[in-house]
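K.L.:
Residue numbers are given in the numbering used here: position 219 of the sequence shown equals residue 658, and the series is strictly consecutive. Glycine included, C-beta positions come from ideal geometry on N, C-alpha and C.
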Amino acid sequence: MKRFEKTYIKIFVIILLIIAVVLAIFSILMSNLVTSFFVKQTTDFYTRQSEEIFYNLEQTLKNYQYYAQEIYEDSDVRVFMHAGKEDKIVSQNAFHAIQNARKSEKNIDDIYIVNYENGYILNTKEGIAPISQFYDREWIDSLQLTRKNYLYFYYHEVKGITYLALVLPVQVQRNGSFVVVLYDTQYLNRMLTRYGKEDYVKLALLYGGENVIAGERPVDSKNSEYILVIEQQYFYNQNLSLSCSVNIKEFVRSSDMLRNSLLISIVFLMAIPLSMLFLMLVRTLKPYNKLASDISRLYFRPDEKEKATNRTLPETEFQIIRGCIDYLVHNVDTLQKSLSGYEEMISEDKIRRWLLNGQLFDDMEDFIKEKWENDDVNMIICVIRIEKELSFEQENSYGARKAMKGGIINIASELLTAEGYKPLAVDMGSDHVTILLNDFNKDSVNPIDNLKEIEEQVKKWFNLGLAVAISPFVSIYTDILPVYKRTYELTKLKFLLGEDKVYMEADGAYINAHNIPFASPLLIKKIRENIMLQRTEELSENLKELVQPLRGLPYEESRYLILFYYFDIISQLNRYSDYKSLQEMENEISDCATINEALDRICDIFFDISMQVITFEKGTNRNEIALQIEDYIHNHISDPALNVDEIADSLSFSTKYIRQLFKEYYQISLSDYLLNARIEMAKELLENSKSSVNEIMYSVGIQTKSHFFTSFKSITGMTPNQWRIYTMKNNSSNNSMSI
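Written as structure tokens, this is what we have:
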């Protein structure tokens, strides 16, 4: 067999590889995320910038159009344009007019006045000249063919210098005359440079998407992955556009540095948990090694190794364990036969879920009618509570208590069946059992006598005192949870009244008839906790607070209330002591002259119980307590009120104690275990029953659909409906394969 160390090292290396892959993916995602963030922020910022620039450029071009319109409207210019022949005075006046216009607007570089009728052209730099000899004649002639019917800007180069040109008027004149205004682009360059100061930002005013009028030619994004092109903006009715490009190479480099720094930090931080993981793997997998060694020693005996030479022997611990599991799977028929003995346990679980949930679902209704074999919908609920458990001098194990309740169920079922009943009895955990009775004649049969007989037989065989109570008749279709809880509370009246009888609803009026004021439930709970946690000083203060309202009352009334408070506190602590009965306490308090003296007497009793808590918790097998908690959870899983505090109160332990003990034994918190147990039961019901999702939700003790769906999906990765469909498909597939 391979060495165990190689197994966990292999697992550890696989985990390291997985972590490395996850970190690589994480770093790539983080880098892309940061880069995307930078790109988005940059795009948003420069989009706003380009919109502002575009607006300013648009206003500047409108001003250029306005200046050109004023030049065209000048009377001297109009006279020259319509002159049929060359006139020196007209030419001189027009020349002075365009010179003044050029001086008043510094962005105008030159102005042409073209008159094809007389064949002359006038401009601000060379004066008047024949069109045929003008240096820019080709472009002037081309304007005759490319003119627009609105004010239109042209891209024009003269001797390598770029200009923005306007031609007026927009309508072609009969004599072919027009005015051309050439604007210098330096002002536009300065404007774009002012907004694009950074080296990585390129702004340009383009003509036809190719010719640069002002700014710097943008870099083609196809030639570089680091170039971010902001969407071009086009000027209305013009062949002009504003282009903006940003080089984000530095941003990408910064995000890469951030990613690398983050990865280095994660690697350093992961060193400690990885070391702990390695140690945990060693500690966790050693038991498997021992198990595999034991199986190998038992299964491959020395005299059998020679017989096994012709078959492949397992090489690793996991192969040996898997072989043992396969052996068990092949013998599943034998296991299934043994499971038939659990039918009664399944029936008890159904009854328990009904009592704790209170609602009768379809499958439960069929089960009840099948058991009782009639259509009568009325029944009574009987609760038999163990009034005193075994004392500390006797065996007080969890197994012994469970066996006692099993014996009570057997005695009750046998006696009631002999009387013609068809009882349904179930162990409700903690300190009591519940019996449902249905098949009897209400007028002629009284179950009270039968219950008294059960009490006598239990006392004879187990030497136990019982408190028994029955409910009124109730329909199976009503919510029976409050009836069940009320009947259980009636059993506690035996302590208060001291009468050995079967308690009924009429006896429950005792408290109201005597106008007994209840103390604060929070204060009563705090007193119980201080008893269980051995906080003697806080216990004394709590008791003083409890009896403070009694000072000044008549002696008889205050004594009576002290006895009632004692009953309220001790009702959840009977596990720890053979507590004094109400009559015994009354005798002791009667000897007290003052409330303080009576309070001291009760304090002494509670201090004794507190010391017994220490003895009990130290002397009790912690594994048994953990199993008892687990059993209580599964017995009461359908109770919506089931929580950690309720479990602690029912089992007479402190909340802190059972939390720590359960976590130590099961390596999971008690709250998480409770939720997982509810979801596991829901999964089983979804797979094996036809109940609706809502019915199943209530059956497992969850009251809100949102909490049920959220918890179910977080544990299984599916919704309840998806789980039901998934299991149905799997079962169908398995059935097909078996056929």
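#1: Per DSSP, which residues does His595 bridge with? Please list them.
#2: If you count every other CB in all the chains shown that lies within 10 Å of the CB of Asp814, and 16 or more means buried, which is it?
#3: Would you say Asp1007 reaches chain D, if we count a Cβ-Cβ gap shorter than 8 Å as a contact?
#4: What residue from Ala643, Phe690, Asp695, Arg692 has the CA that sits closest to Gln671's CA?
#5: With DSSP collapsed to three states, give me the class of Ala1080.
#6: Within a Cβ cutoff of 8 Å, which residues of the same chain sit near Lys746, ignoring the five residues on either side of it in sequence?
#7: Tell me, which residues are paired with Met439 by DSSP?
#8: From the DSSP output, in three-state form, read off His1146 for me.
#9: Indicate whether Thr624 and Ile652 have their beta-carbon atoms separated by less than 8 Å.
#10: With 16 other CB atoms within 10 Å as the buried threshold, where does Asp801 fall?
#11: If you draw a straight line from the alpha carbon of Glu832 to that of Asp1047, how long is it in whole angstroms?
#12: With a threshold of 16 other CB atoms inside 10 Å of the CB of Pro1159, please say whether the residue is buried or exposed.
#13: What's the gap between the Cα of Gly647 and the Cα of Val606?
#14: Would you identify the three-state DSSP class for Gln508, choosing helix, strand or coil?
#15: Going by CA-CA distance only, name the one from Tyr727, Val706, Val611 that's closest to Thr446.
#16: I'd like the span of the alpha helix (DSSP H) that includes Asn889, first residue to last.
#17: For Tyr675, count neighbouring Cβ atoms within 10 angstroms of its own Cβ and tell me buried if that reaches 16, exposed if not.
#18: Give me whichever residues DSSP pairs with Val569 in a beta bridge.
#19: DSSP state of Val922, grouped into three classes?
#20: Measuring only the C-alpha atoms, how far is Ile850 from Leu1038?
#21: Comparing alpha-carbon positions, which option in Pro886, Glu783, Thr856, Ile807 lies nearest Val822?
#22: Just to confirm before moving on: does the CB-CB distance between Thr873 and Leu794 stay below 8 Å?
#23: Give the straight-line distance between the Cα atoms of Tyr1165 and Lys1129, rounded to the nearest whole angstrom.
#24: So Ser682 is in the beta strand (DSSP E); what residue range does that whole segment cover?
#25: Apart from the five residues on each side of it in sequence, which residues of its chain come closer than 6 Å, Cβ to Cβ, to Lys881?
#26: Shortest alpha-carbon distance to Gln538 belongs to which of Ile560, Met520, Ile510, Asp1078?
#27: Indicate whether Glu922 and Ile820 have their beta-carbon atoms separated by less than 8 Å.
#28: Kindly indicate which three-state DSSP category Gln424 falls into: helix, strand or coil?
#29: Leaving out five residues on either side along the sequence, give the residues of the same chain with a beta carbon under 6 Å from the beta carbon of Phe573.
#30: Spatial neighbours of Leu621 within its chain, please: C-beta separation below 6 Å, excluding the five flanking residues on both sides.
#31: Rounded C-beta distance between Met520 and Ile552? I'm assuming under 8 Å.
#32: Rounded to the nearest angstrom, what separates Ile1028 and Lys810 at their Cα positions?
#33: Is it buried or exposed for Trp900, if we count other Cβ within 10 angstroms and need 16 for buried?
#34: Beta-carbon within less than 7 Å of Gln1142's beta-carbon, same chain only, minus the 5 sequence neighbours each way: which residues are those?
#35: State the DSSP-derived secondary structure class of Gln488, mapped to helix, strand or coil.
#36: Going by DSSP in three states, Phe1092 sits in which element: helix, strand or coil?
P.N.:
On the basis of the coordinates in this document:
#1: Tyr602
#2: exposed
#3: Looking for chain D here will not work: only one protein chain is present.
#4: Ala643
#5: Annotated three-state conformation of Ala1080 is coil, per DSSP.
#6: Residue placement at Lys746 cannot be trusted, given a pLDDT of 49 that sits under 50; the coordinates are not used to answer.
#7: Since the first and last residues shown for the chain are 440 and 1178, residue 439 lies out of range.
#8: helix
#9: Ile652 sits close to Thr624, with the two beta carbons spaced by under 8 Å.
#10: Residue environment: Asp801 is assigned as exposed (fewer than 16 neighbouring CB atoms within 10 Å of its CB, all protein chains considered).
#11: Note that Glu832 scores 39 on pLDDT, short of 50, meaning its location in the model is unreliable and no value can be drawn from it.
#12: buried
#13: 18 Å
#14: helix
#15: Tyr727
#16: 886 to 901
#17: exposed
#18: According to the sequence shown, residue 569 is Pro rather than Val. According to DSSP, which records beta bridges pairwise, Pro569 is partnered with Tyr559.
#19: It is helical.
#20: 42 Å
#21: Pro886
#22: yes
#23: 15 Å
#24: Residue range 679 to 686 is occupied by the beta strand (DSSP E) that includes Ser682.
#25: The pLDDT assigned to Lys881 is 49, lower than 50, so where the model puts this residue is not dependable, and the model offers no usable value.
#26: Ile510
#27: First, the amino acid is wrong: residue 922 is Val here, not Glu. Cβ distance < 8 Å, so Val922 and Ile820 count as in contact.
#28: Absent from the model: residue 424. The displayed extent of the chain is 440 to 1178, so no value can be given.
#29: Closer than 6 Å at the Cβ level, and outside the excluded window around Phe573, lie Ile560.
#30: Closer than 6 Å at Cβ, skipping near neighbours: Asp548, Asp549, Tyr602, Ala604.
#31: The beta-carbon separation of Met520 and Ile552, rounded to 6 Å, stays under the 8 Å limit for a contact.
#32: 51 Å
#33: Result: exposed.
#34: Pro1079
#35: helix
#36: coil
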